[in-house]
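Participant: This is the structure I have questions about; it appears just below.
In this note's numbering, the protein residues as written are 1069 to 1323.
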């Protein structure tokens, strides 16, 4: 029996700001705050990183334009699976969906392991006791693993039982996150410019062009995540012509 993927009958509770927050929140992970200091700035410096992320953002805007077109013309359920199936058939859609699942799974465990790093910073060494093991020189404590697993379980239950509440919470946290980034940028960038540090390139000795290119090729990984809203198109409470601008704004703010 052919499934109805038109989206008819679904509860349309996602407002414009909710859709933006979902896309923005899924793009900005812990790597956005770690990789600039450990990888980007040592390689390309502040100026090279800014150029590279600008180019990467422009590339993602092109991808976002394609997603927006598909979301407008196939507004039902299924997301990427439906788009691929309509264009290339069921077999391609099956393979595409598996690769998407594997991609999401890698992001989930990276962010869950980042959680106990945050816990260490806030609460110190309180959970660093008892059974532990080492991987690549890092001590992993069972209590910290338990915190990460518990967080994933709680969020999973909320997605099943209280998705509307979770979406409102995500919207609030995304607004706070963006506001915090803007405030810090306004305070720090003038000092960086006056100290001549803003226009410098990296300290690793590679050419500026190679350094910028090395960061640009990471841009799809750094800004991946906005595509999750394609799975929730049936719940959108906005006009179709607004979808493109929501996607663009979410990519620009994440960039």
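For each residue, glycine too, the CB sits at the ideal point set by N, CA and C.
At 4 residues or longer, what runs of the alpha helix (DSSP H) sit wholly inside the stretch 1111-1174?
Facilitator: Here the runs fully enclosed are 1148-1156.
Participant: Between which two residues does the beta strand (DSSP E) harbouring residue 1203 extend?
Facilitator: The sequence position of residue 1203 within the chain shown is 135, counting from 1. Residue 1203 -> beta strand (DSSP E) spans 1200-1203.
Participant: Just how far apart, CA to CA, sit residue 1176 and residue 1302?
Facilitator: Taking the first residue of the chain shown as 1, we reach residue 1176 at position 108. Taking the first residue of the chain shown as 1, we reach residue 1302 at position 234. Their Cα atoms are separated by approximately 24 Å.
Participant: Within its chain, find whatever has a CB closer than 6 Å to the CB of residue 1089; leave out the 5 residues flanking it on each side and keep chain order.
Facilitator: In the chain shown, the residue the question calls residue 1089 occupies position 21. These residues qualify, in order along the chain: 1238, 1239 and 1242.
Participant: So that I know if they touch, is there some Cβ in chain D lying closer than 8 Å to that of residue 1137?
Facilitator: No chain D is part of this structure, which consists of one protein chain only.
Participant: By the three-class DSSP mapping on this structure, what secondary structure does residue 1207 have?
Facilitator: As a first step, residue 1207 must be located in the chain shown, where it is residue number 139. Strand at residue 1207.
Participant: When we look at the beta-carbon of residue 1151 and count the other beta-carbons within 10 Å, is it buried (16 or more) or exposed?
Facilitator: In the chain shown, the residue the question calls residue 1151 occupies position 83. Residue 1151 comes out buried.
Participant: Run through DSSP, which three-state label would residue 1304 get?
Facilitator: As a first step, residue 1304 is located in the chain shown; it is residue number 236 there, counting from the start. Three-state result, residue 1304: strand.
Participant: Rounding to the nearest angstrom, what Cα-Cα distance links residue 1083 and residue 1306 in this structure?
Facilitator: As a working note, residue 1083 is residue 15 in the chain shown. As a working note, residue 1306 is residue 238 in the chain shown. C-alpha separation (whole angstroms): 6 Å.
Participant: Report the rounded CA-to-CA distance for residue 1285 versus residue 1112, giving the unit in angstroms.
Facilitator: Position 217 of the chain shown, counted from the start, is the residue given in the question as residue 1285. Position 44 of the chain shown, counted from the start, is the residue given in the question as residue 1112. Answer to the nearest angstrom: the Cα atoms are 13 Å apart.
Participant: Within the present structure, is the beta-carbon of residue 1093 separated from the nearest heavy atom of the ligand SAM by less than 7 Å?
Facilitator: In the structure on display, the ligand SAM does not appear, and there are no ligands present to speak of.
Participant: Please report the distance separating the alpha-carbon of residue 1118 from that of residue 1311.
Facilitator: Here residue 1118 refers to the residue found at position 50 of the chain shown. Here residue 1311 refers to the residue found at position 243 of the chain shown. Their backbone Cα atoms lie some 27 Å apart in a straight line.
Participant: Could you check what DSSP says for residue 1286 in three-state terms: helix, strand or coil?
Facilitator: Along the chain shown, read from residue 1 onward, the residue named residue 1286 stands at position 218. If DSSP states are grouped into helix, strand and coil, residue 1286 belongs with coil.
Participant: For residue 1079, which of helix, strand or coil comes out of DSSP?
Facilitator: Residue mapping note: residue 1079 aligns to position 11 of the chain shown, counting from 1. Note: residue 1079 maps to coil in three-state DSSP.
Participant: So is residue 1280 buried or exposed if we call it buried at 16+ other beta carbons inside 10 Å?
Facilitator: The count along the chain shown starts at 1 and reaches residue 1280 at position 212. Buried.
Participant: If you draw a straight line from the C-alpha of residue 1276 to the C-alpha of residue 1137, how long is it?
Facilitator: In the chain shown, the residue the question calls residue 1276 occupies position 208. In the chain shown, the residue the question calls residue 1137 occupies position 69. Cα to Cα, the separation comes out at about 36 Å.
Participant: What do you get for residue 1106, buried or exposed, if any count of 16 or more other CB atoms within 10 angstroms of its CB means buried?
Facilitator: Along the chain shown, read from residue 1 onward, the residue named residue 1106 stands at position 38. Exposed is the call here.
Participant: Can you check whether the CB of residue 1257 is closer than 8 Å to the CB of residue 1291?
Facilitator: The residue labelled residue 1291 in the question sits at position 223 within the chain shown. The residue labelled residue 1257 in the question sits at position 189 within the chain shown. No, these two residues do not count as a Cβ contact at 8 Å.
Participant: For residue 1079, is the classification buried or exposed, using 16 other Cβ atoms within 10 angstroms of its Cβ as the cut-off for buried?
Facilitator: The sequence position of residue 1079 within the chain shown is 11, counting from 1. Residue 1079 comes out exposed.
Participant: Within 8 Å, do at least three Cβ pairs link the stretch 1177-1187 to the stretch 1197-1217?
Facilitator: Yes, the stretch 1197-1217 touches the stretch 1177-1187.
Participant: On the CB-based measure, 16 or more other CB atoms within 10 Å of its CB, does residue 1184 come out buried or exposed?
Facilitator: Start at 1 with the first residue of the chain shown, and residue 1184 comes out as number 116. Residue 1184 comes out buried.
Participant: If you follow the alpha helix (DSSP H) that residue 1086 is in, where does it begin and where does it stop?
Facilitator: Locating residue 1086 in the chain shown gives position 18, where the first residue counts as 1. Per DSSP, residue 1086 belongs to the alpha helix (DSSP H) from 1084-1095.
Participant: Take residue 1296 and list the residues in its own chain whose beta-carbon comes closer than 6 Å to its own, dropping the five residues that flank it on each side.
Facilitator: As a working mapping, residue 1296 is identified with position 228 in the chain shown. Closer than 6 Å at Cβ, skipping near neighbours: 1094.
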